[in-house]
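Everything on this sheet refers to the single structure shown next.
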Amino acid sequence: MIIPPAADRLFSSDKKQKEIANALYREVSGMPLICPHTHINPNLFVDPETTLGSPVDVFILPDHYIYRMLYSQGIPLETLGLHSNNSNEITVEQDHRKIWQCFADHFYLFRATPTGGWLTHELGEVFGVTCKLNSDNAQDIYDKVASQLALAEFQPRALYKHFNIEILCTTDAAEDSLEAHKTLRATEWDGKILPTFRPDGVTNLESEGWSKKISTLSQVSGVFIHDFKSFIRALENQREYFKQMGATATDHAVEQPTTVRLSPTEIEAIFKRALHNNLQSADAAVFTAHMLVEMARMSIEDGLVMQLHAGALRNYNPLIYQRFGSDCGADIPVRVDFTRNLQPLLSEYGNDPRLTLILFTVDDTTYSRELAPLAGHFPSVRLGPPWWFYDSPNGMKRFLDSVVETAGIYNTVGFNDDTRAFPSIPARHDTWRRVCCCWLADQVSRAVLEFEDAQDMAYDLSYRLPISAYKLKVNHG
Amino acid sequence: MIIPPAADRLFSSDKKQKEIANALYREVSGMPLICPHTHINPNLFVDPETTLGSPVDVFILPDHYIYRMLYSQGIPLETLGLHSNNSNEITVEQDHRKIWQCFADHFYLFRATPTGGWLTHELGEVFGVTCKLNSDNAQDIYDKVASQLALAEFQPRALYKHFNIEILCTTDAAEDSLEAHKTLRATEWDGKILPTFRPDGVTNLESEGWSKKISTLSQVSGVFIHDFKSFIRALENQREYFKQMGATATDHAVEQPTTVRLSPTEIEAIFKRALHNNLQSADAAVFTAHMLVEMARMSIEDGLVMQLHAGALRNYNPLIYQRFGSDCGADIPVRVDFTRNLQPLLSEYGNDPRLTLILFTVDDTTYSRELAPLAGHFPSVRLGPPWWFYDSPNGMKRFLDSVVETAGIYNTVGFNDDTRAFPSIPARHDTWRRVCCCWLADQVSRAVLEFEDAQDMAYDLSYRLPISAYKLKVNHG
Amino acid sequence: MIIPPAADRLFSSDKKQKEIANALYREVSGMPLICPHTHINPNLFVDPETTLGSPVDVFILPDHYIYRMLYSQGIPLETLGLHSNNSNEITVEQDHRKIWQCFADHFYLFRATPTGGWLTHELGEVFGVTCKLNSDNAQDIYDKVASQLALAEFQPRALYKHFNIEILCTTDAAEDSLEAHKTLRATEWDGKILPTFRPDGVTNLESEGWSKKISTLSQVSGVFIHDFKSFIRALENQREYFKQMGATATDHAVEQPTTVRLSPTEIEAIFKRALHNNLQSADAAVFTAHMLVEMARMSIEDGLVMQLHAGALRNYNPLIYQRFGSDCGADIPVRVDFTRNLQPLLSEYGNDPRLTLILFTVDDTTYSRELAPLAGHFPSVRLGPPWWFYDSPNGMKRFLDSVVETAGIYNTVGFNDDTRAFPSIPARHDTWRRVCCCWLADQVSRAVLEFEDAQDMAYDLSYRLPISAYKLKVNHG
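Chains as they are written, first to last, in my numbering: chain A, 1 to 477; chain B, 478 to 954; chain C, 955 to 1431.
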């Protein structure tokens, strides 16, 4: 039995299709990486001497995709080195070698998962580890990876270049003063790290520490926030500041993408109640819904692209939330209704081509039913790539199969890696490019697409679409 | 690299599968076209000298599948020649050559879409244009298509024969006097154009101009409508008239397929409020739900097949609706609940084999969850083919994959082209036949189906099922 | 044209993939069958002389998968030999040869359905009937099957061995005294037939004959049920009794998986109202929701695995329910919300690795959106195999494609046949094993999985996972 070489990874085993896929892939595999939406910490790049730490610091601690899977099989998060709020009660493992061993012992859990694919790619392509991680070779591989992480060429700035990243956008709170970005712009390093304006902490009136965030926003924006109008002015000022620091987009995460236009009196009354710590039960939800409409209005005025991520019920597991906080793999998706919820916003601003509204979902039933028809009609609507649990070969295939027939590829925005795990970036982009080439090759092989068109489309999906959708400035392209 | 010939379009690149698909396709590709549900204007066929107009009249103006895609990329509908209500304000492009050029400049938007496939097929098979439309050849192709459209063999009656259409059903308002159909039946032309009874305009109490439609219905039916009973009598009379004119089916479009049986007193009270222009908030919804049950009752009595299209939120974009009216590509699907909503109707009439209720959806999550189990149990329920956004290769594959395992193919009704664009009919049927043959060939190649069974099924899906489900009379079959 | 041999059934027609699939399948096709969830009557095995009856008794009468399909095409259930409550009114067909003829006449309805595949496999592999059933050969095949059914080697105990079943779990009411299981444990026969604790009849306060079931539960448990506390004690006792009789699991079927923790006062008040036949409108729903939480608590204490089947609207067709009762193919699925509904239960017990909660759905939109993320995070959650309408090649492929990328295979539990039709068991397991091998082979052929990993996974999916998830004791494994 002949097992196919890794060079053909993800391509069809059909000879003709694979040949076409490879022909398409050869032209895009080396294109620079455009990363318009990540959760990478910009401080990684500020000090040229920063290192990434131990293999556990690189692979496990920042990546809830990995430790949630281990947790699902009964391994306590403390055993993986995660710090909880009640550290008196439970011992957190400090020995990274032991954590790595536990990870290796359970590496089989990631079989047939995208995380498994990324890990294999990362170990192989970034660290030269080509044998499969297991209980026996765990410590040797730890040594090999650890020794490389200590080298200059594995420092974040070097990896950024080595990964061939052209632009990387971070995600930053609205009230952030963007110190890291300021410093980066003042250095001579030519990596392009741009901020993204994420105001959820202040537009969600129930977010933890809301009042404190409002004071910080007052400070950084230079607008004393004492009513809704000054709140809006502060946000507008701060958006302007983000733009000056290179931002081209905002980002908003909600459970349901509810939108509504309240009267000035109504919205002012809610905001005042929030300032007086006197919220009524529906206030927060309605306020967020109104703020999405306001944000669309601001986007039309200042040109920032608006991203909307909908559908995750955050902090679903109270035990994990209380002990470990947010973003620990305990967010669970729910059904989303885009059609009805977005109608107020789209009725008001959806026909304005100055608005770019990029929609993301973790409810893939909305792909063909709602998202593609919306993107296939409104000049403002574009579809973000498959997000989170769907950032996977099957997730991508479902997305392309469900969306393109109605919206075409030109109402999509190519790829986002959306990662917290810096060294996984090349693996994620490579998966997308391979899946796209495979998907296009299938259509070429069935005489649905001409090869020349598929070549254009592979290039667009891999490189051109994120640049144009996010209004990014690049040297070539 | 060998690119497959168009003759194998849509078939698998696997050699064995493709061979089987071709063997199946050869037997059905030439079968006459049965078109039991279209939005073709019957007047096209009344005057033998009617011509289809310019290439823009043929390809763009009647087809919201096309102009919504162009609109989604920022091209105003006026630029495409669509007339709006405020023509003072905005200039509508009059020059069809300019519109065609704009279309050609943006033809790449349709890559990998079914519309793109139909256009290619239509240009190639109907008009002999085999090179791909682009900015450079736009005017030449315009000339070529325009000159053919002026010829006798491109008049609607000639194309009907050339397309090998055996039966074509139009969609006609309940209060329509069917003048075109009357004239057609009096001519010697032997094309079979049949009406379909669509009463939405009078069963939806909030439809624009409802009162006027009620008076027209009074006139054409010969029943003065002054209460609910006379309304029912008028509908029954008019259904009888449609039957005399050849109709075999009715059609109903609703957002949710809510059904309910009200008491005679309740329904009478609502209808009276409608007549007195004094509707209460829930009246219209409840009335429509009751009328679906009434229509099922009438279908059992007069034998007309009942079609139900559910799930589109109509006129979603108020700006487009106000300026351009309905059916402009601005209807967006929503989640549909068939199971709970249809229970009152099915409890009352679902076990009666005299009823044929054909269900259509734009929420494909209902295929395997609700529609297939309903069709796989109730003697009355049949499933319409993939509708609208799902009238596409992937949409068809999803439909067949999701529905047949539970309901079999014999609870489906073959294909509907459902088109407003007359010359796209052969392309649409050909896509369906190819996708079915490919889907069957896959199962034959995996030893799930015997080839002889697949031959039968290809014939059934292509030709026999729509005839039997819609109770059509044909010469062969 | 070369038609593939049945030995390659369900495998890809791609040569390389098929070779890999066969290599995987060869190693698992002969593994013993683990049947942790069935609706087989344990009495089949009590008397060694029991026979299965006529071909109609074997194939048609116990299997609503089959007669619902015939009913959907207008064949009355009475024609198929089913007894209704108003037998005066309608004649029930008594002649099994006539019933068999009707079945054979309509055998084409099952083309491309899993039921068709099982029937073909069953007729061929169990009864040696290799030609396709049709109108002409119906009586000959009846003779052949009937004569074999009279032989000793076609008695249930013999077939159990012949089928290579290692463990078979039945489904038994909470108030069942398990007489058949008691007798079986006392005999020398070494087949392993285990009960499963299914308390729906007593936890659903609106179930028919609830009071009677409560008295029976009092009797069998030895606890006089006069309040909620004694009800819980009775259930706990009876669970203990089921465990002594070999049970390792419970099973719960609900429309929505709503869970809630009521206060002791509230739950006591509801239960008292039930005892006094004085239920308020929301009582039953809330009570069931509370009982699911109680059952999770008991599972943690006594170690019984908890199965939850959600999403079927039972007895949807009132005519069928009134005449023929439950489980006649007239249950229709509805949308399910697992995420929100399970949160109370999972917040309380979901982090406890002593709980195993196996989730089943007939709403496949929850696979990737809700079920996989839940199973991929909570230590207690596992995913049951595709259920009911989804127990089919496409259903399995959708399940694996949608679930594994997020949850891995190790948060699934392999296969359940869930059948009422005893001789269909091998066919169902064979379908699962083939589909899994095909699915794995596809990934091996695309260099996503290593062949050695796929070998392990094929073995896990076919054999090891149900054993470990259901805490079964086997001789090998």
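Here a beta-carbon is modelled for each residue, glycine too, at the ideal position from N, C-alpha and C.
Where residue i sits in the DSSP three-state scheme
i: B:Ile576; result: helix
i: A:Leu359; result: strand
i: B:Gly954; result: Any answer about B:Gly954 is weak, because its pLDDT of 43 lies below 50 and its placement is not dependable; what the coordinates show is given next. Note: B:Gly954 maps to coil in three-state DSSP.
i: A:Thr51; result: coil
i: B:His729; result: strand
i: B:Gln784; result: strand
i: A:Ala312; result: strand
i: C:Cys1282; result: coil
i: A:Cys169; result: strand
i: C:Pro1068; result: helix
i: A:Pro333; result: strand
i: C:Cys1085; result: coil
i: A:Val381; result: strand
i: A:Thr412; result: strand
i: C:Ile974; result: helix
Partner residues on chain B for residue i, Cβ-Cβ distance less than 9 Å
i: A:Phe59; result: In chain order: nothing, as chain B lies at least about 37 Å away.
i: A:Asp453; result: Tyr585, Arg588, Ala589 and Lys609
i: A:Ala372; result: Phe866
Burial state of residue i (16 or more Cβ within 10 Å)
i: A:Val474; result: exposed
i: B:Asp485; result: buried
i: B:Thr597; result: buried
i: C:Asn1232; result: exposed
i: C:Gly984; result: exposed
i: C:Leu1105; result: exposed
Beta-carbon spacing of residue i, residue j below 9 Å
i: A:Pro36; j: A:Val413; result: yes
i: B:Ala807; j: A:His377; result: yes
i: A:Glu122; j: A:Pro385; result: no
i: B:Leu645; j: B:Gly678; result: no
i: C:Tyr1062; j: B:Tyr619; result: no
i: B:Ala498; j: B:Leu917; result: yes
i: B:Ala787; j: B:Val839; result: yes
i: A:Leu133; j: A:Pro393; result: no
i: C:Val1288; j: B:Asp930; result: no
i: B:Ser879; j: B:Asp841; result: yes
Check: residue i C-beta below 8 Å from any heavy atom of the ligand ADP
i: A:Phe127; result: For the structure depicted, the ligand ADP is absent and the ligand set is empty, with no information on it obtainable.
Under 7 Å from the C-beta of residue i: neighbouring residues of chain A
i: C:Leu1216; result: The contacting residues do not exist; C:Leu1216 stays about 18 Å from chain A at best.
Contacts of residue i in chain A (Cβ-Cβ under 9 Å)
i: C:Asp1190; result: Checking the sequence shown, residue 1190 of chain C turns out to be Glu, not Asp. What C:Glu1190 touches in chain A: nothing, since even the nearest Cβ is about 26 Å away.
Proximal chain C residues relative to residue i, where beta-carbon distance stays under 7 Å
i: B:Arg817; result: Val1288
i: A:Gly350; result: By Cβ distance, chain C contributes nothing, its closest Cβ being about 26 Å from A:Gly350, past 7 Å.
Under 7 Å by beta carbon: chain B residues contacting residue i
i: C:Asp1317; result: Arg846
Neighbour list for residue i in chain A, Cβ cutoff strictly below 8 Å
i: B:Arg545; result: Gly376 and His377
i: B:Gly594; result: Val448
8 Å Cβ cut-off: residues of chain B touching residue i
i: A:Lys397; result: Residues of chain B passing the Cβ test: none, with the nearest at roughly 10 Å.
Residues that residue i contacts on chain C, provided the C-beta gap is smaller than 9 Å
i: A:Arg297; result: Those do not exist, as A:Arg297 stays about 31 Å from chain C at its closest Cβ, beyond 9 Å.
8 Å Cβ cut-off: residues of chain C touching residue i
i: A:Asp8; result: Arg1400 and Ala1401
Return the chain-ordered ranges of every alpha helix (DSSP H) run that is complete within the stretch 180 to 245 of chain A and spans a minimum of 4 residues.
Counting whole runs of 4 or more residues, the stretch 180 to 245 of chain A contains the alpha helix (DSSP H) stretches 200 to 203, 210 to 221 and 228 to 244.
Quick check for students: name the residue ranges of the alpha helix (DSSP H) that lie wholly in the stretch 139 to 166 of chain A, counting only runs of 4 or more.
As far as the stretch 139 to 166 of chain A is concerned, its whole alpha helix (DSSP H) runs of at least 4 residues are 156 to 162.
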